[in-house]
Structure formats: C-alpha cells, structure tokens
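> Encoded as structure tokens, here's the structure I'll be asking about.
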Amino acid sequence: MALSLNSMMSFPSHKLSSKSIKLGSPRVLMASTLHSTSKVAENLKKPHFAPREVHVQVTHSMPPQKVEIFKSLEGWAEENILVHLKPVEKCWQPQDFLPEPESEGFFEQVKELRARAMELPDDYFVVLVGDMITEEALPTYQTMLNTLDGVRDETGASPTSWAIWTRAWTAEENRHGDLLNKYLYLSGRVDMKQIEKTIQYLIGSGMDPKTENSPYLGFIYTSFQERATFISHGNTARLAKEHGDLKLAQICGTIASDEKRHETAYTKIVEKLFEIDPDDTILALADMMRKKISMPAHLMYDGQDDNLFEHFSSVAQRLGVYTAKDYADILEFLVGRWNVEKLTGLSGEGRRAQDFVCGLPPRIRRLEERAQGRAKQASIIPFSWVFGRNIIV
Ligand SMILES: [Fe+2]
Ligand SMILES: [Fe+2]
56 MALSLNSMMS FPSHKLSSKS IKLGSPRVLM ASTLHSTSKV AENLKKPHFA
106 PREVHVQVTH SMPPQKVEIF KSLEGWAEEN ILVHLKPVEK CWQPQDFLPE
156 PESEGFFEQV KELRARAMEL PDDYFVVLVG DMITEEALPT YQTMLNTLDG
206 VRDETGASPT SWAIWTRAWT AEENRHGDLL NKYLYLSGRV DMKQIEKTIQ
256 YLIGSGMDPK TENSPYLGFI YTSFQERATF ISHGNTARLA KEHGDLKLAQ
306 ICGTIASDEK RHETAYTKIV EKLFEIDPDD TILALADMMR KKISMPAHLM
356 YDGQDDNLFE HFSSVAQRLG VYTAKDYADI LEFLVGRWNV EKLTGLSGEG
406 RRAQDFVCGL PPRIRRLEER AQGRAKQASI IPFSWVFGRN IIV
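Shown next, in the form of structure tokens:
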C-alpha cells in the first residue's frame, strides 16, 4: 500500500538482486531474461497466471551453515514465540461478529447490518475491500513462509517450533479474510463477483517479497507487514466508528489486535537475530529497505484495471488508512524496537548499513513531503468492486 514510495524513491542496491521490470498495458509477462518473441507470444496466451512484475529472482542467499542457527533456536522459539499464539478455544471466530443464520432474528440482524453499512461512503468500502482481498490471499503468505530456509514446514505437519508457528499463524490469519468477506457480502454495498475474481487473480499471481529464501529477510518482512496491517485495520476501525458503525469498528479493531500479537512475535525473532548475529541482521534490514517492502497484494488485478493496486493504495493514502508516512513510522518504530542505533561491534559494512537504516525514516518523510507539495491532480477512477462507481484517487 505504500506503492507511492516506489515512484519517488530509488536506492542503489548493494546486491544484484532486484532488477525490476514493471510492465504496463498490454500486460505481457516476461522476465528480463526472456526476450524472445515466441516466449512473449506464449505468455500472452496465458496472461495473469504468472507474476505480473518479474525481476531477477535471487534464491537461497543465506549461507547454508546458517540453517544451524535456526535449528539451535528451536527450544527458544517454543518458549518465546509459540506463547504468542492463542489457544483455539480462547480465540474469537468470525461468527461471533456476524448475524446468526440459525436464529429467528437472522433477517433482522442482516437488515441492521445493512442499514449501518449505508452510512459508509464508497471510498471507505474500496479500502475495506482491498484489505479483505489482501487477507484472502493467505495461501500465498503461508507459501512465502515455507520458502524460508531453516524454518520451513518440511512435511506439512512438521513438529518443529517454526512449522508449528507457521501453521497456527495461518490458522489465526484465516479468520481475518473470512470475517471481512462475510461482512462485505452481507453489506450489499460491493460487487462480490468482482471481488472474488480479484482474489482468484491475486492468489494465482503470488507475491514477490524479495526475501531470497532467507529467514533474516523473511522475518524482517513479516515484522514490517504485521505492523502495517495492524495500522491499516486500526484505521478502518477508527473510520467505521466515525461513521457511526460501531460493530464494523469492533470487527476491524479485533483483527488489528491479532496483527499486533503477530507483530510482537515476528519482531521478537528479529530481536533475537540481532542479539546473536548483529552484523548479518543489520545487513538484512538494510537490504530489505533498499529493495523497499512491497505490499503483499501488490500484484492485485480485477480483470479490468491495470493499475488496481496503485489506485487502491491512493484511496488508502487519501483516507489515511495506510500512508507513506506510516511506512516511515513503521521503519522508525522497528529501528527503535531493535535498538539499531545502539548496535556495537559491527563490521565496516555493518556500520554503513546501520547509518543507512537509521537515516532512512527522516529521508522518506522529506521525500514524501516534497511529493505532497507537488499537488497531485486528483483523478477519478471507476472501481469494479463498487459496481464501477467513480472514486477519487
Ligand atoms: Fe491478517
Ligand atoms: Fe497478519
């Protein structure tokens, strides 16, 4: 959702890792290594089933011997990370917030939900739909976690702490999309078929977080993302409340509190990595920030709008649900959380990475203010999610 940053910031990559080719319309799929006409023609026949943004993908960048670090942290993760999961019996479920289909009062409850939803503007629904679609692409995020060397779930039912975490985390997250999806369906305000198509496209596209199978990069990415979702669900809760829909505010706020708990777990893992391997951890943080944290739903498409994610991000920015300032704030928060400024005993390269990371939040804010100053012409875009109605982006 901080895509506006992509256009205004460009940091030199210290590794050859992310030569990015953003393809406009028509959406031909090709990697920089695939330039032959036959490949392009072939790809045209099966559009949207491969990532829309293709770059040189770096794999397995963590030295194999470092896998041992994660093996040795098994016991630590059991005591310090698994405790952030909630037992299923103590978890909320979507049904706790939705009309009861078995009850006599079901239709009345639906009517009330719809009456409250009538008070919310279309642009709010666009942002809520984008957040819901992001949650619904959960298969992609579980896949992403299972790309990480040393922590992946090797069998699908592996008994390691890392694998237990990933499965239970996924199971907790699964309630987020379910709840928002059912709420939006009942609200009657959005085009469910278009939304469902967008979800299908998005899961088919996958995502490209540039984490290179490295848990160092991967857990920095998830720390950032959990906080980003905590912020955006918190803001959709605040706006729902301002529009008088306290039940929706409670839905979004409840999801936000799960994200906060997940943020705590992931930031703890990275904190541990800083403790035992500060040099490689600061290099990983600088690397992720140079590449920029891409949002999980950055490849979203609804079959109509080639710039759907950018348009959704602009609305989220305009409504203050997730902004470029939030991106800088998250980084600043993490820098403080991990005591990055006070790290000692770093190599020369480590110290340079430390300086880069610590100087980044004010730099991002300055660029953002400058971009804001160049008063962007507001444009109006039809969103298929709200039946093609026009939304200011
Ligand atoms: Fe979530
Ligand atoms: Fe999350």
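In my numbering, each residue's number is its place in the sequence shown (first place is 1) plus 55.
Glycine included, each C-beta is placed from N, C-alpha and C at the ideal position.
As the structure is a computational prediction, the values presented were derived from the model and not from experiment.
Can you give me the C-alpha to C-alpha distance between residue 320 and residue 114, rounded to a whole angstrom?
Answer to the nearest angstrom: the Cα atoms are 25 Å apart.
> Any heavy atom of ligand 2 closer than 7 Å to the beta-carbon of residue 309?
Answer for residue 309: no, Cβ out of range of ligand 2.
> Would residue 234 and residue 286 be called neighbours here (beta carbons separated by less than 8 Å)?
No; because the gap between Cβ atoms is not below 8 Å, this pair is not in contact.
> Assuming residue 425 is part of the alpha helix (DSSP H), what are its boundary residues?
Counting along the chain, the alpha helix (DSSP H) containing residue 425 begins and ends at 403–428.
> Answer with buried or exposed for residue 307, where buried requires no fewer than 16 other C-beta atoms within 10 angstroms of its C-beta.
So residue 307 counts as buried.
> Is residue 317 helix, strand or coil when you go by DSSP?
Helix at residue 317.
> Report the residue from 214, 178, 212, 221 whose alpha carbon sits nearest the alpha carbon of residue 245.
Answer by Cα proximity: 178.
> From what residue to what residue does the beta strand (DSSP E) around residue 236 run?
Looking at the DSSP string, residue 236 is not in any beta strand (DSSP E); the run it does join, the alpha helix (DSSP H), is 216–242.
> Over the uninterrupted alpha helix (DSSP H) stretch that includes residue 333, give me the two end residues.
Segment 333–346, the alpha helix (DSSP H) holding residue 333.
> Considering just the uninterrupted stretch of the alpha helix (DSSP H) at residue 136, what are its terminal residues?
Segment: none, residue 136 is in no alpha helix (DSSP H) and carries neither H nor E.
> Taking a contact to mean a Cβ-Cβ separation below 8 Å, would you say residue 302 touches residue 171 in this structure?
Cβ distance < 8 Å, so residue 302 and residue 171 count as in contact.
> What residues match up with residue 447 in a beta bridge as DSSP calls it?
Answer is 435, bridged to residue 447.
> Anyone know if the C-beta pair for residue 228 and residue 193 falls short of 8 Å?
Yes, the pair counts as a contact, with Cβ atoms nearer than the cut-off.
> With distance defined between alpha-carbon atoms, name the residue in 148, 236, 196, 146 nearest to residue 353.
Closest by alpha carbon: 196.
> Answer yes or no: the CB of residue 163 versus the heavy atoms of ligand 2, is any distance below 7 Å?
No, Cβ of residue 163 sits at least 7 Å from all heavy atoms of ligand 2.
> According to the neighbour-count rule (16 or more other Cβ atoms, all chains shown, within 10 Å of its Cβ), is residue 215 buried or exposed?
Buried: at least 16 other Cβ atoms inside 10 Å.
> Taking DSSP as the reference, what is the three-state secondary structure of residue 290?
Residue 290: helix per DSSP, three-state reduction.
> Is residue 117 helix, strand or coil when you go by DSSP?
Note: residue 117 maps to coil in three-state DSSP.
> Among residues of its own chain, excluding the 5 on either side of residue 157, which ones have a beta-carbon nearer than 8 Å to its beta-carbon?
Contacts found: none.
> Can you find a heavy atom of ligand 2 that lies under 7 Å from the Cβ of residue 284?
Within the cutoff, so yes.
> Within the same chain, show all residues whose beta-carbon is closer than 7 Å to that of residue 187, passing over the 5 residues directly before and after it, in chain order.
The answer, listed in chain order, is 232, 235, 236, 239.
> Starting from residue 207 and walking both ways along the alpha helix (DSSP H), at which residues does that stretch end?
Per DSSP, residue 207 belongs to no alpha helix (DSSP H) and is neither H nor E.
> How many Å lie between residue 356 and residue 305 at the Cα?
Spanning the two alpha carbons is a distance of roughly 29 Å.
> According to DSSP, simplified to helix, strand and coil, what is residue 140?
Reduced to three states, the DSSP call for residue 140 is coil.
> Have a look at residue 347 and residue 143 and give me their C-alpha separation to the nearest angstrom.
Cα to Cα, residue 347 sits roughly 35 Å from residue 143.
> Count the other CB atoms, across all protein chains shown, that sit within 10 Å of the CB of residue 127; report buried if there are 16 or more and exposed otherwise.
Exposed, because fewer than 16 other Cβ atoms sit within 10 Å of the Cβ of residue 127.
> Considering only C-alpha positions, which residue in the set 117, 136, 112 is nearest to residue 317?
The option with the nearest alpha carbon to residue 317 is 136.
> Whole angstroms are fine: how far does the CA of residue 165 sit from the CA of residue 180?
One C-alpha to the other measures close to 18 Å.
> In whole angstroms, what separates the C-alpha of residue 169 from that of residue 423?
Distance between the alpha carbons of residue 169 and residue 423: 38 Å.
> Taking 7 Å as the cut-off, is the C-beta of residue 164 nearer than that to any heavy atom in ligand 3?
For ligand 3, the structure offers nothing, since it holds only ligand 1 and ligand 2.
> Mapping the DSSP letters down to three states, classify residue 449 as helix, strand or coil.
The requested residue 449 does not occur in the structure, where the chain is confined to residues 56 to 448.
> Apart from the five residues just before and just after residue 293, which ones in its own chain have a Cβ nearer than 8 Å to its Cβ?
Closer than 8 Å at Cβ, skipping near neighbours: 304.
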